[in-house]
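What follows is a short report on a single structure.
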Amino acid sequence: MPNMRMDKNPMPSQDPNVRNKNFEEVALGYTEEQAIDEAERCLNCKNHPCMDGCPVQISIPEFIQKIVEKDFEGAYQVINRSSSLPAVCGRVCPQERQCESKCVRGIKGEAVGIGRLERFVADWHNKNVTAAPEKPQPNGHKCAVIGCGPSGLACASDLAKKGYDVTIYEALHTPGGVLAYGIPEFRLPKAIVQKEVDGLKALGVKIETNVVIGKSITVDELFDEFGYESVFIGSGAGLPRFMNIPGENLNGVYSANEFLTRINLMKAFKEGSKTPIERPKKAVIVGGGNVAMDAARSAKRLGADVTIVYRRSMEELPARKEEVEHAIEEGIIFKLLNNPIEIVGEEGRVKAVRCQEMELSEPDESGRRSPVPVEGKINEIEADCFIVSIGTSPNPLIKSTTDGLDANNRGCLVADENGATTREGVFAGGDAVTGAATVILAMGAGKKAAAAMDEYIQSKQ
Ligand code: SF4
Ligand code: SF4
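The sequence shown finishes on residue 630 if you use this note's numbering, and the numbering steps up by one all the way, no holes.
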């Protein structure tokens, strides 16, 4: 008999007043008992609507039933058929908008905690199974992958499993892409990313760090001099947008990307780190997405009083509900319906942020309400740090150094649904194609492209 309790098992977490002073993981994960209890809430629906909400079509009821049977490794093997990064997706997937949004238990009560169960299974596997995966038989063909983020990791993993000789070229000194430089330790411990990377290396994938494709080596050279038969571009969307308001050149202004990279990748929060960061006393973050929440919560952990400024209301805030709740619990202030119009400086440093009060217009034809300024309503927030988190776009370097690659007017590479770009043999996926999106969508694109690259290479034999 399924467990018909309405609520999902709560996630054990660090106390908000303790965790807002450290960088350790906030959510602690289910125990075996909690995982089994939560798994028993699943009705094992024949038509499994939850799977329609998962971009990589994990066989959700199947893995959950394995948990009920206490076959945790069996559950892992079910997930592993479709996902290369379960420990990551179980933590950072916006489950409430994907698989869990389709779960029938969500009609009267809370959906089954699919993401939490996925995380439990992946963590159980990582803790208890140490045997390296078997190396596949080489098939004699070579592929290159540009970028070691979620799409590149997924693409490389699937190609390696088919026997390809795969090399990933990563511009930074550490593999993981946005998983390493973007998402903070307190949401995604870097040891987990490293474990996924180690799994890939065990399959025979080579990773060359500090190689900027388009500068150190061009895409043409990958084909002509290195002999790769197909190339995947998963270089992400790491180019930050700014607001173009007065004061953006002052000391103390950061893009969220730079701020998070200094903290996550360069460990600037640790004493003696070679890459320093000034510990702000009063930080203002503009933006309402997950990256804004990450920057705000990181600034809080550096000891700052933190205010998030967002030009719409709480209802329109695009960040995950869970992240917003965590931010509020940790003492972050939300100044909604406001938009920065000037960063006020003193002796070259940020002193305050001047904001325009906004209101939402009547809904337009699509039902969307736009923020419009309220005349004469200007206010100032005292600050010594201003972090811009209003989106990113793909870096144009690869496109500008590769003939035949088309991009759209947002700088995103043009590719079909299987990742084939406008240049023969070159495939692309993830944020480089869609603009900044989610880890799981990027991973799904990497997997699709790996299948298409295999088909492309085999069709030429
Ligand atoms: Fe849900 Fe994401 Fe896991 Fe798919 S990968 S089942 S969407 S948590
Ligand atoms: Fe289980 Fe919900 Fe999926 Fe049904 S929809 S199989 S209850 S997770």
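C-beta: ideal position from N, C-alpha, C; glycine also.
Can you name the residues that DSSP bridges to residue i?
{"i": "residue 525", "result": "508 and 547"}
{"i": "residue 476", "result": "453 and 502"}
{"i": "residue 420", "result": "518"}
{"i": "residue 590", "result": "584"}
{"i": "residue 562", "result": "408"}
{"i": "residue 596", "result": "401 and 589"}
{"i": "residue 576", "result": "582"}
{"i": "residue 311", "result": "334"}
{"i": "residue 255", "result": "Partner(s): none; residue 255 has no beta bridge."}
{"i": "residue 555", "result": "422 and 453"}
{"i": "residue 542", "result": "527"}
{"i": "residue 513", "result": "521"}
Buried or exposed: where does residue i fall if 16 or more other Cβ atoms within 10 Å of its Cβ makes it buried?
{"i": "residue 276", "result": "exposed"}
{"i": "residue 438", "result": "buried"}
{"i": "residue 396", "result": "exposed"}
{"i": "residue 287", "result": "buried"}
{"i": "residue 575", "result": "exposed"}
{"i": "residue 420", "result": "exposed"}
{"i": "residue 178", "result": "buried"}
{"i": "residue 495", "result": "buried"}
{"i": "residue 217", "result": "buried"}
{"i": "residue 535", "result": "exposed"}
{"i": "residue 568", "result": "buried"}
{"i": "residue 307", "result": "exposed"}
{"i": "residue 443", "result": "exposed"}
{"i": "residue 189", "result": "buried"}
{"i": "residue 426", "result": "buried"}
{"i": "residue 458", "result": "buried"}
{"i": "residue 428", "result": "buried"}
{"i": "residue 367", "result": "exposed"}
{"i": "residue 329", "result": "buried"}
{"i": "residue 342", "result": "exposed"}
{"i": "residue 197", "result": "exposed"}
{"i": "residue 184", "result": "exposed"}
{"i": "residue 274", "result": "buried"}
{"i": "residue 484", "result": "exposed"}
{"i": "residue 360", "result": "exposed"}
{"i": "residue 627", "result": "exposed"}
{"i": "residue 608", "result": "buried"}
{"i": "residue 220", "result": "buried"}
{"i": "residue 170", "result": "exposed"}
{"i": "residue 617", "result": "buried"}
{"i": "residue 418", "result": "exposed"}
{"i": "residue 463", "result": "buried"}
{"i": "residue 507", "result": "buried"}
{"i": "residue 615", "result": "buried"}
{"i": "residue 631", "result": "This structure cannot speak to residue 631, because the chain is shown only from 170 to 630."}
{"i": "residue 202", "result": "exposed"}
{"i": "residue 624", "result": "exposed"}
{"i": "residue 530", "result": "exposed"}
{"i": "residue 285", "result": "buried"}
{"i": "residue 590", "result": "buried"}
{"i": "residue 636", "result": "In this structure the chain extends from 170 to 630, so residue 636 is not present and cannot be described."}
{"i": "residue 424", "result": "buried"}
Using 7 Å as the cut-off, classify the Cβ of residue i as near or not near the heavy atoms of ligand 3, replying yes or no.
{"i": "residue 581", "result": "Ligand 3 is absent from the structure shown, which contains only ligand 1 and ligand 2."}
Would you verify that the beta carbon of residue i is, or is not, closer than 8 Å to some beta carbon of chain D?
{"i": "residue 286", "result": "In summary, chain D is missing from the structure at hand, where a single protein chain is found."}
ask   = Using 8 Å as the threshold, is the segment 378-395 in touch with the segment 285-304, meaning 3 or more CB pairs across them?
value = Touching, no.
Legend entry - Entirely enclosed alpha helix (DSSP H) segments - the segment 267-300, minimum 4 residues: Complete alpha helix (DSSP H) runs here, min 4: 283-297.
Should the segment 373-382 be called in touch with the segment 326-334, which here means at least 3 C-beta pairs below 8 Å? Enough Cβ pairs lie closer than 8 Å, so yes.
query = Is it a yes or a no for the segment 522-533 touching the segment 503-512, going by three-plus beta-carbon pairs under 8 Å?
reply = Inter-segment contact for the segment 522-533 and the segment 503-512 is present: three or more beta-carbon pairs are separated by less than 8 Å.
Exercise for review: Jot down the residue ranges of each uninterrupted alpha helix (DSSP H) in the segment 173-232, minimum 4 residues, whole runs only, in chain order.
Suggested key: As far as the segment 173-232 is concerned, its whole alpha helix (DSSP H) runs of at least 4 residues are 185-188, 201-208 and 218-221.
Evaluate contact between the segment 538-557 and the segment 447-458, counting only Cβ atoms and requiring at least three cross-stretch pairs below 8 Å. The segment 538-557, when compared against the segment 447-458, does touch it at the 8 Å Cβ threshold.
Which runs of the beta strand (DSSP E), 3 residues or longer, sit entirely within the segment 362-394? Here the runs fully enclosed are 375-377.
Any chance the segment 390-410 sits against the segment 588-605, with 3 or more Cβ pairs inside 8 Å?
-> Proximity of the segment 390-410 to the segment 588-605 meets the contact definition, three or more beta-carbon pairs being nearer than 8 Å.
message = Tell me whether the segment 476-492 and the segment 572-586 touch, counting them as touching only if at least three CB pairs, one residue from each stretch, are closer than 8 Å.
response = Cβ pair count under 8 Å is below three, so no.
- Query: Would the segment 257-272 and the segment 233-242 be scored as touching if the rule is three or more Cβ pairs under 8 Å?
  - Reply: Result no; under three Cβ-Cβ pairs closer than 8 Å.
query: Do the segment 317-329 and the segment 290-298 meet, that is, are 3 or more Cβ pairs less than 8 Å apart?
result: These segments do not touch.
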